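Chemist: Let me begin by handing over the structure; questions about it come next.
2 protein chains.
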Amino acid sequence: MSLTSTPWNALKTWRQRLTVPQFTVVTGALVIAVGTVLLASPLCSTDDVGLWQALFTVTSAITVTGLSIIDVSRDLTPLGQLTLAGLIITGGLGLMAITTFLQGFVQGNSGLRQRLDKGRALDEFGVGGIGPTFNSILITGFCVMGIGTVVLYAFGFTDIANPLERFWASLFHCISAYNNAGFGLWGDNLVRYRDNPVVNGVIASMIVVGGIGWRVINDLWTNRARLQGLRRLSLHTRLVLRSTALLIVFGALGLMFTEQFAAGGVIENLQWWQDIQVTLFQSISARTAGFNTVPLSIKTFSDAGLLLLIVLMFIGASPGGTGGGIKTTTFATLMGATRSTLQGREEVVIHRRQIPDTVVLRAVGVVMASAIFVILMALLLGIGPTTSGEPTRTTFNFLEKLFTCMSAFGTVGLDLGVTAQLNRWGQLVLMVGMFVGRLGILLLLSAIYGSRPQPRVGYPREEIYI
Amino acid sequence: MSLTSTPWNALKTWRQRLTVPQFTVVTGALVIAVGTVLLASPLCSTDDVGLWQALFTVTSAITVTGLSIIDVSRDLTPLGQLTLAGLIITGGLGLMAITTFLQGFVQGNSGLRQRLDKGRALDEFGVGGIGPTFNSILITGFCVMGIGTVVLYAFGFTDIANPLERFWASLFHCISAYNNAGFGLWGDNLVRYRDNPVVNGVIASMIVVGGIGWRVINDLWTNRARLQGLRRLSLHTRLVLRSTALLIVFGALGLMFTEQFAAGGVIENLQWWQDIQVTLFQSISARTAGFNTVPLSIKTFSDAGLLLLIVLMFIGASPGGTGGGIKTTTFATLMGATRSTLQGREEVVIHRRQIPDTVVLRAVGVVMASAIFVILMALLLGIGPTTSGEPTRTTFNFLEKLFTCMSAFGTVGLDLGVTAQLNRWGQLVLMVGMFVGRLGILLLLSAIYGSRPQPRVGYPREEIYI
Ligand SMILES: [K+]
Ligand SMILES: [K+]
Chain A
7 MSLTSTPWNA
17 LKTWRQRLTV
27 PQFTVVTGAL
37 VIAVGTVLLA
47 SPLCSTDDVG
57 LWQALFTVTS
67 AITVTGLSII
77 DVSRDLTPLG
87 QLTLAGLIIT
97 GGLGLMAITT
107 FLQGFVQGNS
117 GLRQRLDKGR
127 ALDEFGVGGI
137 GPTFNSILIT
147 GFCVMGIGTV
157 VLYAFGFTDI
167 ANPLERFWAS
177 LFHCISAYNN
187 AGFGLWGDNL
197 VRYRDNPVVN
207 GVIASMIVVG
217 GIGWRVINDL
227 WTNRARLQGL
237 RRLSLHTRLV
247 LRSTALLIVF
257 GALGLMFTEQ
267 FAAGGVIENL
277 QWWQDIQVTL
287 FQSISARTAG
297 FNTVPLSIKT
307 FSDAGLLLLI
317 VLMFIGASPG
327 GTGGGIKTTT
337 FATLMGATRS
347 TLQGREEVVI
357 HRRQIPDTVV
367 LRAVGVVMAS
377 AIFVILMALL
387 LGIGPTTSGE
397 PTRTTFNFLE
407 KLFTCMSAFG
417 TVGLDLGVTA
427 QLNRWGQLVL
437 MVGMFVGRLG
447 ILLLLSAIYG
457 SRPQPRVGYP
467 REEIYI
Chain B
7 MSLTSTPWNA
17 LKTWRQRLTV
27 PQFTVVTGAL
37 VIAVGTVLLA
47 SPLCSTDDVG
57 LWQALFTVTS
67 AITVTGLSII
77 DVSRDLTPLG
87 QLTLAGLIIT
97 GGLGLMAITT
107 FLQGFVQGNS
117 GLRQRLDKGR
127 ALDEFGVGGI
137 GPTFNSILIT
147 GFCVMGIGTV
157 VLYAFGFTDI
167 ANPLERFWAS
177 LFHCISAYNN
187 AGFGLWGDNL
197 VRYRDNPVVN
207 GVIASMIVVG
217 GIGWRVINDL
227 WTNRARLQGL
237 RRLSLHTRLV
247 LRSTALLIVF
257 GALGLMFTEQ
267 FAAGGVIENL
277 QWWQDIQVTL
287 FQSISARTAG
297 FNTVPLSIKT
307 FSDAGLLLLI
317 VLMFIGASPG
327 GTGGGIKTTT
337 FATLMGATRS
347 TLQGREEVVI
357 HRRQIPDTVV
367 LRAVGVVMAS
377 AIFVILMALL
387 LGIGPTTSGE
397 PTRTTFNFLE
407 KLFTCMSAFG
417 TVGLDLGVTA
427 QLNRWGQLVL
437 MVGMFVGRLG
447 ILLLLSAIYG
457 SRPQPRVGYP
467 REEIYI
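Going line by line, the protein sequences match chains A and B.
Offset between the first sequence (1-based) and the numbering used here: plus 6.
Offset between the second sequence (1-based) and the numbering used here: plus 6.
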């Protein structure tokens, strides 16, 4: 297409011809490359952090996962920690903006320029086009994080004497929570604040607000004057709010149930109010944030409890939020389809609205492809070459492997103590999992195949027995 | 409806008003009750077999599962073994007939009589109505089992000197294989014939032919003269044949891959041809039959291999066959839906035919409900009260529990050495799992809710983001 021959113009033309998914993938890879070099430099980190450790940390930060093979407070300089926070905001709010943008389209095949023009022209975001939407996403994010930081500073981290240190801890954890990143400044994550209701409450609120997505926040804000009539809200908003609430409550109840029977487990010898606080926090955190207020390992949780956490990690947060996973609405669609089938219906009905069959189909595709991908990851984790001297423990049981891979794919960051013990092959598998899981299999595939025109052949229908 | 008041007539009227699913459930429960009393009597078994052991064995036989807490050759008399074979045929061919019958209807709500009349009148089975179909199912079954018995007697179990014993072993194993029951006469199942190609071949063929279902066999037989043109076959037949072949091959390749890395595993120190024979047989057998030619335990298989077996057990055989699981066509439908989604299509296309959305919806419902049911089973297995003296080993890891529950739900019968070690609570969970898994969640629910008219309310469509 381009008639000019300078490399710079060629690059510019190439960039303009990228689709949004392709643009996202290319940008992500570029940020990781630049971030790695920056973080590995002595300005940002101690000698313990080589290129490999920096690459893993940057990938984990930009995908807001939180899996880590370094100790953030010890191995990173203040500038390094600031860089990390910047990467987390870029990854969290950046993808929030991109997915919100893509939600406006049914198909994802046109070029970026075209899209941007279309978005501006059609005002399909309801708040005056793309620019105002992006601004609103940023303003919402910084307001929420700001309020959280103030509350944490004043009432939360009161045990930290140094004001600057206390402020940085408050700000960093709010950034990490709102973007569902799960990075902490301390080696034990938030275990030291297990019984602090302010820290629990603020972090959990940040996670939930960041996880439900800008469209839902915007819908709630627009209708704030007449919220008694919930019917004004869109089906999407109601579905996100209800499934988020149900998942939090049932996750906590489930953990209370499974961990009752685990001798030596995390809620042994706790008061009932501690039980509730710990399980609620863990239930909220497992769906993508990845903070923990109790030590996580195969010893401190029962098999059943770990399985429940795996399911919560798989489901993840809501679409257009800062979290990962297959998304709450995908899960709700499949549950709706299941209920419809069991009732003998032939269409999916949720909240008295019929869900289009194409949505159900997409949900099936996302879930199956994601499940297959995670299982392949777990299979691959075990078979890589062992570089001498690297691994201190080479055999993990199947549940530990599956948990770790799900944690990476769902960009959760909960860790049973496996990640740092893996050899480089295993850590590579996790990095690929984080990248694929963050972008989502659909976005990734449309980045690869997006430009190819889809053949539209009609085939005759034929029944099969199932 | 009934104007007469004698209990017998009331019972008869009640029976006639049952739907087919209700009739199936009631008949199944009755056969289990009668069979238990019969098998527990001294005519059929030694003193070691009480009512509980008899109940478990009969449930396992009528659901063609093959999980066992007794030693068939030692604890059952010849009459007991004959009863077991009878129960297996009843369960296998019986449900084959019923599901083949139900496949003729889209909805399952009319009464049994009505159905039978309709079936006779409409000749919807293409071979002259219900009577001829049932006859054909029986004749096909006995022909296949007969041929198998002759081959096994003449070339297979040649190491058994006593002719009567050899005949009974041949007949019993053919019945067990064609009906996908997986019961063996010996404590080690078929481990002693691991390297015998005739035994491997005959049993594997019986399993596959029994598993693909009567409709497929009938379609192949009808078109036998012009099989070069595969397009004459129905979509259902082609789909069943292709997914069966693919699952067998990929299952075997997968096992070869995962077990390569398992030190001390079952294919260590084997020749390449033994590798192929063992993995092929195990891949075929895992999708519902449940025979094993190698010792099965958490020690002899890798975690990844056991996971693969769990997936194969979950998928199971084909609809209208003697096997269980969610069915090959259900799996193929979901894979088709996944492929369509990843390609950006809005309809499911398999073999150049469009699959109706209602079929996709049913597939989603079956898979989700089944997966949730099996996971609940695995959670419940661990928490029952321990009756003193019963269990010799009370803690199993998560993978062992999930494997055992999947084996029961898929009516497979592969056992890691868990079943006999469980307490009665755990064995009860397995029995319920076998019963539900054999009938299928859809059939069971339509037995419960079948008579209730389904409200047909139209709701407006609304999009959600996933
Ligand atoms: K995270
Ligand atoms: K079986």
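Note that CB positions come from ideal geometry on N, CA and C, so glycine has one too.
Because the structure is a prediction, the values reported are computed rather than measured.
What is the DSSP secondary structure of residue 213/A, reduced to helix, strand or coil?
Modeler: helix
Chemist: Hey, which unbroken runs of the beta strand (DSSP E) at 3 residues or more fall wholly within the segment 393-432 of chain B?
Modeler: Complete beta strand (DSSP E) runs here, min 3: none at all.
Chemist: At a cut-off of 7 Å, would you count residue 186/A as near ligand 1, judging by its Cβ distance to the nearest heavy atom?
Modeler: True, at least one ligand heavy atom lies under 7 Å from that Cβ.
Chemist: Closer than 8 Å by beta-carbon distance: list the chain A residues that pair up with residue 248/B, in chain order.
Modeler: The contacting residues do not exist; residue 248/B stays about 12 Å from chain A at best.
Chemist: For the alpha helix (DSSP H) containing residue 197/A, name the first residue and the last one.
Modeler: Careful: residue 197/A lies outside any alpha helix (DSSP H) and carries neither H nor E.
Chemist: Just to confirm the assignment: which complete beta strand (DSSP E) runs, minimum length 3, are found wholly within the segment 241-292 of chain A?
Modeler: none
Chemist: Compare the C-beta of residue 360/B with all C-beta atoms of chain A and state if any pair is closer than 8 Å.
Modeler: yes
Chemist: Assuming the contact rule is C-beta atoms closer than 8 Å, residue 204/B and residue 157/B should be a hit. Round their C-beta distance to whole Å, please.
Modeler: 7 Å
Chemist: So if DSSP puts residue 361/A in a beta bridge, which residue, or which two residues, is it bridged to?
Modeler: 354/A
Chemist: Between the segment 418-430 of chain A and the segment 68-80 of chain A, do three or more beta carbon pairs fall short of 8 Å?
Modeler: yes
Chemist: Between which residues of its own chain and residue 343/B is the CB-CB distance below 7 Å, once the five residues before and five after are set aside?
Modeler: 354 and 366
Chemist: May I ask you to list the residues that DSSP assigns as paired with residue 467/B?
Modeler: Answer is 360/A, bridged to residue 467/B.
Chemist: Can you check which of these residues, 452/A, 414/A and 272/A, is closest to residue 68/A by C-alpha distance?
Modeler: 414/A
Chemist: Along chain C, which residues have their Cβ under 7 Å away from the Cβ of residue 27/A?
Modeler: Structure shown: chain C not included; protein chains present are A and B.
Chemist: Can you pull the chain A residues whose beta carbon is under 7 Å from the beta carbon of residue 309/B, in chain order?
Modeler: 403 and 404
Chemist: Going residue by residue through the segment 283-344 of chain B, where are the continuous alpha helix (DSSP H) segments of at least 4 residues, counting only ones entirely within it?
Modeler: 309-321
Chemist: Just to confirm, does residue 417/A get its C-beta within under 7 Å of one of the non-hydrogen atoms of ligand 1?
Modeler: Distances from the CB of residue 417/A to the heavy atoms of ligand 1 include at least one below 7 Å.
Chemist: Which residues in chain A have a C-beta closer than 8 Å to the C-beta of residue 374/B? List them in chain order.
Modeler: 340, 341, 343 and 344
Chemist: Look at the Cβ atom of residue 252/B, then the Cβ atom of residue 78/B, and state whether they are nearer than 8 Å.
Modeler: no
Chemist: Mind checking residue 12/A: buried by the 16 CB within 10 Å criterion, or exposed?
Modeler: exposed
Chemist: Taking Cβ-Cβ distances shorter than 7 Å, what residues in chain A pair up with residue 364/B?
Modeler: The answer, in chain order, is 352.
Chemist: Just how far apart, CA to CA, sit residue 60/A and residue 359/A?
Modeler: 48 Å
Chemist: Less than 8 Å between the C-beta atoms of residue 332/A and residue 316/A, yes or no?
Modeler: no
Chemist: Going straight from the alpha carbon of residue 210/A to that of residue 155/A, what length do you get?
Modeler: Residue 210/A and residue 155/A: Cα-Cα distance of roughly 13 Å.
Chemist: Look at the alpha carbon of residue 168/B and the alpha carbon of residue 284/B, and state the distance between them as a whole number of angstroms.
Modeler: 28 Å
Chemist: So is the beta-carbon of residue 70/A under 7 Å away from any non-hydrogen atom of ligand 1?
Modeler: yes
Chemist: Might you give, ordered along the chain, the residues of its own chain that have their beta carbon closer than 6 Å to the beta carbon of residue 147/B, omitting 5 neighbours on each side?
Modeler: 99
Chemist: Am I right that residue 34/B and residue 46/B are in contact with their C-beta atoms under 8 Å? What's the rounded C-beta distance?
Modeler: Wrong, their Cβ atoms sit about 19 Å apart, outside the cutoff.
Chemist: Round the Cβ separation of residue 301/B and residue 424/B to the nearest angstrom and send it over; I've been treating them as touching at under 8 Å.
Modeler: Between residue 424/B and residue 301/B the Cβ distance is about 14 Å, and since that is not below 8 Å, they are no contact.
Chemist: Are residue 159/A and residue 182/A closer than 8 Å when you measure CB to CB?
Modeler: Result no, Cβ atoms of residue 159/A and residue 182/A do not sit closer than 8 Å.
Chemist: Between the beta-carbon of residue 184/A and the beta-carbon of residue 364/A, is there less than 8 Å?
Modeler: no
Chemist: When every heavy atom of ligand 2 is checked, does at least one fall within less than 7 Å of the C-beta of residue 105/B?
Modeler: no
Chemist: Please check if any C-beta of chain B sits within less than 8 Å of the C-beta of residue 255/A.
Modeler: no
Chemist: With the cut-off set at 8 Å, would you say residue 264/A and residue 314/A are in Cβ contact?
Modeler: Closer than 8 Å, so yes.
Chemist: For residue 258/B, count the other beta carbons within 10 Å of its own beta carbon; 16 or more makes it buried, fewer makes it exposed. Which is it?
Modeler: buried
Chemist: So residue 326/B packs on residue 471/A, CB below 8 Å; how close in whole Å?
Modeler: Contact between residue 326/B and residue 471/A holds: their C-beta atoms lie close to 6 Å from each other, under 8 Å.
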